[in-house]
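Residue numbers (my numbering), protein chains in the order written: chain A, 21 to 193; chain B, 21 to 193.
The beta-carbon is built from N, C-alpha and C at its ideal position, and this holds for glycine as well.
Protein chains: 2
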Amino acid sequence: MDITKFVENSLGQWRSQRSSHNLALTYFEQVTSTIDIVPLAKDDSKVIDLCKSNEIDPQMVSHPFRMSWEGESDWDEGETFEGTTILVPVPEPDNPQAGRLLRDQGYAETIPAIGKYHFSEDGTFVLLTAYDRAAAEEKIWFVNPNLRMRVSLIKTSGGSGVLTASFSSEIRS
Amino acid sequence: MDITKFVENSLGQWRSQRSSHNLALTYFEQVTSTIDIVPLAKDDSKVIDLCKSNEIDPQMVSHPFRMSWEGESDWDEGETFEGTTILVPVPEPDNPQAGRLLRDQGYAETIPAIGKYHFSEDGTFVLLTAYDRAAAEEKIWFVNPNLRMRVSLIKTSGGSGVLTASFSSEIRS
């Protein structure tokens with residue numbers, strides 16, 4: 021697995037069920053959402069801007085994409101939320117299995133972030149992102165071409181404590 | 021990672037949050053439970069019996085254990101459930117990273133089962149179990165010594181369709 025194939029497999033519309041576990045308080049949250057993943061051109065101005073603000077040569081970018089979501093949580097009955105983010109993979113020049121992922125906003129905090137990704141032997145995409153006051157570890161893998169699994173951990177910035185563990189099942193619409 | 025270290029790391033009492041996703045109907049189920057994992061002797065009569073009924077030489081067994089659980093689901097407010105099962109790993113003689121796992125009853129169906137396990141490069145325990153009318157795929161990994169993650173898929177017996185995906189966060193008590 022490499023980032024080209026992973027992004028291509030991810031394109032499209034997905035119906036997502038997400039469960040979050042607050043580990044300290046044993047709280048559950050349930051979220052249903054629709055996720056759209058669409059490719060962007062390497063010379064899209066937003067991609068270029070994100071490269072510039074991270075001092076990355078736009079020539080090094082591979083398969084940038086936009087992810088948008090719209091859904092609702094059982095914590096806010098009747099209320100919907102939505103969001104969108106641009107993601108720009110920057111593979112290592114000498115290792116197609118690993119690289120950096122630029123985002124114009126993160127999940128855990130609504131600020132830009134640079135994560136480090138790699139693919140494990142079994143094809144799982146593993147993304148580590150350090151924020152100011154927290155760190156996120158995300159694993160994404162395909163069970164089949166129409167079913168994607170995602171496990172996300174939000175840790176304290178030192179990485180010792182896990183605050184939240186969440187799990188998404190994403191079915192291609 | 022091998023089965024010796026994995027079982028030793030798993031011994032103790034765990035507080036579990038489990039979320040199940042019914043993928044066809046977009047249902048959620050939330051379960052909280054306490055799980056106890058205790059070692060058994062290789063010459064425990066129940067271990068010997070399970071070997072005999074599976075025509076396994078008891079000398080090939082490594083680190084058998086009992087897993088018990090007690091909890092409640094948000095589908096049955098106020099009702100508790102409990103259960104116990106004996107698990108007997110049988111590593112391959114020439115490959116400590118893989119083997120079979122005997123159980124006197126399964127999760128998906130309350131009948132005895134033999135699963136096949138292996139450890140992936142990153143230390144994840146992967147267990148595949150075929151039942152008469154379904155197949156289960158389970159991944160278990162440690163985030164740290166006191167936090168275990170478990171993702172379970174229940175598939176149609178042909179393996180093509182995934183019926184249920186569930187996720188457990190298990191914290192050492």
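Asked                                                                                                                              : Found
Alpha helix (DSSP H) segment containing residue 69 (chain A), residue limits                                                       : 65-73
As assigned by DSSP and simplified to three states, the class of residue 164 (chain A)                                             : strand
Outcome for residue 101 (chain A) when other beta-carbon atoms lying within 10 angstroms are tallied against a minimum of 16       : exposed
Paired residues, beta bridge with residue 33 (chain B) - DSSP                                                                      : B:56
Selected residue, minimal CA-CA separation from residue 104 (chain A), among A:150, A:85, A:138, A:94                              : A:85
Separation of residue 97 (chain B) from residue 81 (chain B), as counted between CA atoms                                          : 40 Å
8 Å Cβ cut-off: residues of chain A touching residue 53 (chain B)                                                                  : The premise fails here: residue 53 (chain B) is roughly 11 Å from chain A at the closest Cβ pair, so nothing lies under 8 Å.
DSSP three-state assignment for residue 27 (chain A), whether helix, strand or coil                                                : helix
Beta-carbon proximity of residue 37 (chain A) to residue 52 (chain A), cut-off 9 Å                                                 : yes
Length of the line joining the Cα atoms of residue 88 (chain B) and residue 33 (chain B)                                           : 10 Å
Cβ contact check for the segment 179-192 of chain A and the segment 106-122 of chain B: 3 or more pairs under 8 Å                  : no
For residue 106 (chain B) and residue 169 (chain A), the rounded distance between their alpha carbons                              : 29 Å
Distance between residue 74 (chain A) and residue 123 (chain A) (C-alpha atoms, nearest Å)                                         : 10 Å
For residue 112 (chain A): DSSP bridge partner residues                                                                            : A:115
Interface partners of residue 39 (chain A) on chain B, CB under 8 Å                                                                : 39, 41, 48, 50, 187
7 Å Cβ cut-off: residues of chain B touching residue 169 (chain A)                                                                 : 171, 185
Residue 23 (chain B) to residue 142 (chain B) span [Cα, whole Å]                                                                   : 14 Å
Straight-line gap, residue 58 (chain B) to residue 50 (chain A) (C-alpha atoms, nearest Å)                                         : 32 Å
Nearest candidate by alpha-carbon position, reference residue 115 (chain B), set B:133, B:125, B:137                               : B:137
Strand pairing of residue 87 (chain A), partner residues [DSSP]                                                                    : A:57, A:105
Closer than 9 Å to chain B by CB, residue 144 (chain A)                                                                            : yes
Residue 155 (chain B) to residue 186 (chain B) span [Cα, whole Å]                                                                  : 14 Å
Below-9 Å beta-carbon distance, residue 30 (chain A) vs any chain B residue                                                        : no
Straight-line gap, residue 150 (chain A) to residue 69 (chain B) (C-alpha atoms, nearest Å)                                        : 51 Å
Closer than 9 Å to chain B by CB, residue 35 (chain A)                                                                             : yes
9 Å Cβ cut-off: residues of chain A touching residue 93 (chain B)                                                                  : Ordered by position in chain A, no residue passes the 9 Å Cβ test against residue 93 (chain B), which lies about 11 Å from the chain.
Reference residue 177 (chain A), options A:165, A:163, A:159, A:153, closest by Cα                                                 : A:153
Nonlocal neighbours in the same chain, by C-beta distance under 6 Å from residue 159 (chain A), ignoring five residues either side : 144, 146, 171
Cα-Cα separation, residue 188 (chain A) to residue 39 (chain A)                                                                    : 6 Å
Given residue 46 (chain B) as reference, the closest of A:163, A:35, A:139 once Cα atoms are compared                              : A:35
Residue 149 (chain A) beta carbon near the ligand FMN (any heavy atom closer than 8 Å)                                             : The ligand FMN is not part of the structure shown, which contains no ligands of any sort.
Endpoints, beta strand (DSSP E) assigned at residue 148 (chain A)                                                                  : 145-150
Interface flag, residue 102 (chain B) vs chain A, CB-CB below 9 Å                                                                  : no
C-beta neighbour in chain A for residue 88 (chain B), strict 9 Å                                                                   : no
Residues that residue 171 (chain B) bridges to, as DSSP identifies them                                                            : B:159, B:187
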